[in-house]
Amino acid sequence: MATSEPTEPESVASQVFSIPELLLLVLSHLAPTGKRGSMFSIDTQALASLSRVSRATSEAALDALWRRMYRPDAFVRLLPEDAYCKGPEANAEFQLLRPLTEQDFAVFDKYAYRVHYVDFSNSSAKLRRGCEVFPHFKDFRFPLLPLLKEFRWEASVYSIGALYLISPRGPVPSEHLGLLLWGEIDDVDEAGVVKQTIHAFNDPALPWLPDVERMSLRTLEFLPGVRDALRRLENVQNISFDLRADPLLFSHLATLPQLKSLDTRHLSSSALSRVDIDQACFPVLESLRLSGAIEPLSQCISLITSPQLSNVRLTPQSGTSAIPSSLLAALVPLDIPARTTALTRFDISAPHGRGSTLALDMAVFAPLHACHNLEVFRVDADPTTLSLTETDVHAMAAAWPRLLEIHIVPPHSAESSGRVSLYALWAFAVGCPDLRHLAIEVDANIPEPFAPPTGSDVVLPKPDRPLMTDFILFCAPCGDPEVVSAFIKLAFPNVDARAFQAYGTVHNPEDKKRWGKVTAALPIGDDASWLAPIVIM
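Numbering-wise, numbering that gives the first Met the number 0 puts 356 at position 357 of the sequence shown, and it's gapless, one number per residue.
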């Protein structure tokens with residue numbers, strides 16, 4: 000089909016919005032302006048047809064339609080229809096019927112600059128066909144999408160042509176590159192432009208890697224020269240990678256003056272051996288996610304000089320038997336007092352499985368009690384034993400008045416090493432008025448009704464607090480349902496049946512019935528028509 004405007008006389012109807020155009024125009028005003036502003040269900044062939052004939056669709060509607068794309072074929076279909084073909088099979092490749100010319104990009108140019116977010120990460124053939132034609136575009140348009148901001152790419156032999164969406168000049172994408180690579184891309188069975196593109200991708204010098212603000216690499220060891228390429232980055236502010244960092248790479252990252260977020264897996268002590276401890280390391284780091292053995296985790300945390308560290312997530316490697324208090328103390332060193340006010344989120348997890356040998360004592364987290372602005376505290380370490388006392392609960396509630404979320408996963412063994420009483424949660428009820436998510440193991444087999452403290456200085460929980468999103472009690476024996484529900488409604492008047500979940504003990508199905516009665520006694524939210532399920536673990 001020709002791409003020029005038709006010259007035949009137009010009917011009255013053709014001069015106003017067609018139904019699809021009108022709907023898309025309405026949607027454009029409802030869609031958000033960021034990368035979530037996209038219509039995922041739109042058919043790319045219909046979109047291409049609309050691109051050729053539309054004269055009335057507003058610029059806002061077109062921007063909304065093309066802002067985010069996840070189908071490579073949408074770009075191929077902007078070529079004249081006599082330039083390409085596709086087999087009848089769902090996963091058939093696109094093929095060019097003739098060499099492309101400059102004139103073939105007349106329609107393409109109207110829409111390419113509107114694309115800001117591209118996600119080619121779904122591995123199904125239906126979503127990745129079309130990239131095989133992109134190498135033919137590069138002699139006319141490179142990069143293909145000049146205003147691309149974010150690109151998430153699952154690289155494979157089928158999607159390798161998407162390499163030409165990337166340009167180190169500019170750079171393009173300008174904000175974020177996410178690369179997923181599950182294996183080496185081999186060109187043995189390929190030919191022509193696809194083979195050439197694979198060669199360019201596998202160039203050890205990686206000249207195509209853009210110096211973007213945010214970069215996420217899930218490549219393990221498959222990409223040649225990736226460490227050398229990362230050492231050339233100067234503008235990165237957020238970086239996440241799961242390859243094993245070498246000493247030169249880590250020492251380079253430590254000196255970057257604008258690096259705010261670091262996420263690295265498989266951290267080893269050798270990776271830290273070249274870091275210069277006589278200069279500021281990670282001076283403005285705000286977010287840290289580390290995985291590895293306890294010793295390198297402690298070493299890395301001790302190197303960080305940033306007073307702005309606010310978000311920490313640690314994953315000790317499988318086989319860790321204990322979490323030392325020194326690991327937590329390294330987060331709040333005495334020579335960086337600002338760290339105690341900066342830290343707002345702490346998360347520690349560990350690989351789950353019956354092979355876990357971790358014995359966890361909640362007292363080791365005492366150094367974090369100095370962080371009075373902490374809002375999120377999560378322990379998802381799947382320990383064999385967990386020591387959590389009422390003293391620990393009272394200390395946490397007193398230390399973290401701004402707490403929004405606390406989540407402590409119980410041990411995976413059937414027999415707990417000791418549960419705190421349900422009544423111990425009163426400390427969170429009065430000490431953490433903004434709490435929205437509470438998940439903890441308790442013993443609710445309580446014989447007597449709760450007697451709240453009395454006195455002129457006692458502050459009771461107010462019922463006008465915003466509703467809690469989750470109130471989860473793990474492995475909890477349940478006593479008299481009336482007594483239990485009365486305490487929950489008194490201590491947490493902002494808990495309704497939507498938020499409440501109780502997991503009964505394995506060997507006592509009677510607990511399930513009792514927790515069911517507790518749930519039934521809780522208020523039902525205005526828009527809730529169901530009760531949270533009671534599950535036997």
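Yeah, the Cβ is synthetic: ideal placement off N, Cα and C, and Gly gets one too.
All of these numbers come straight from a predicted model, not from anything done at the bench.
Unbroken alpha helix (DSSP H) runs of no fewer than 4 residues, entirely contained in the stretch 384-464, are found at 389-398, 425-430, following chain order. Distance between Val378 and Val457, taken at the CA atoms: about 30 Å. Cα atoms of Val106 and Leu61: separation of roughly 13 Å, rounded to the nearest angstrom.
Burial state of Cys130 is buried, judged by a 10 Å Cβ sphere holding 16 or more other Cβ atoms. Comparing alpha carbon positions, the residue from Tyr163, Leu146, Ala204 closest to Trp152 is Tyr163.
Under DSSP, Ser120 takes part in no beta bridge, so it has no partner. In the assembly as shown, Lys148 is a buried residue. Its beta-carbon has 16 or more other beta-carbons within 10 Å. Annotation for Val483: no beta strand (DSSP E) segment contains it, though the alpha helix (DSSP H) segment containing it runs 480-490.
The C-alpha of Thr453 lies about 29 Å from the C-alpha of Ala362. With fewer than 16 other CB atoms across the displayed protein chains lying within 10 angstroms of its CB, Asp463 is exposed.
Ranking Val192, Val274, Thr263 by CA distance to the CA of Met214 puts Thr263 first. Residue pairing for Met68: DSSP places it in a beta bridge opposite Val117. Collapsing the DSSP output to three states places Tyr163 in a helix.
Excluding five sequence positions before and after Ser305, the CB atoms of its chain that fall closer than 6 Å to its own CB belong to Phe281, Pro282, Val283, Leu284, given in chain order. Distances from the alpha-carbon of Arg76 to those of Arg113, Glu58, Glu88, Phe133 put Phe133 closest.
Just measuring C-alpha positions, the residue of Ala321, Asn310, Tyr422 sitting nearest Thr356 is Ala321.
Separation of Leu385 and Glu440 (C-alpha to C-alpha, rounded to the nearest whole angstrom) is 10 Å. Nearest C-alpha to Glu101 among Phe139, Tyr112, Ala91, Lys109: Phe139. Residue environment: Thr196 is assigned as buried (16 or more neighbouring CB atoms within 10 Å of its CB, all protein chains considered).
Between Ala501 and Val517 a beta carbon distance of about 7 Å is seen, short of the 8 Å cut, so the two are scored as contacting. The beta-bridge partner set that DSSP reports for Cys280 consists of Ile303. Per the DSSP secondary-structure output, Ile238 pairs in a beta bridge with Met214, Leu261.
Across the set Leu179, Ala279, Ala349, the C-alpha of Leu179 shows the shortest separation from the C-alpha of Phe240. Under the 10 Å beta carbon count, Thr340 is surrounded by fewer than 16 other beta carbons and is classified as exposed. Secondary structure of Asp379 (DSSP, three-state): strand. In the DSSP assignment, Phe136 falls within the unbroken alpha helix (DSSP H) covering 133-136.
A distance below 7 Å between beta-carbons, with the five flanking residues on each side excluded, links Leu229 to the following residues of its chain, in chain order: Leu248. Within the model, the alpha-carbon separation for Pro476 versus Arg401 is close to 29 Å.
Taking the C-beta atoms as reference points, His265 is found no nearer than 8 Å to Ser297. With fewer than 16 other Cβ atoms inside 10 Å of its own Cβ, Ile276 counts as exposed. The three-state reading of DSSP puts Asp103 in helix, counting H, G and I together.
DSSP places Ser324 in no beta strand (DSSP E) but in the uninterrupted alpha helix (DSSP H) bounded by 324-328. The beta carbon of Gln257 sits closer than 6 Å to the beta carbons of Gln236 from its chain, once the five residues preceding and following it are set aside; these are given in chain order. Ile523 has its alpha-carbon roughly 45 Å from the corresponding atom of Ser325.
For Gly191, the number of other beta carbons within 10 angstroms of its own is below 16, and it is reported as exposed. Under the three-state reduction of DSSP output, Gln94 falls in the strand class.
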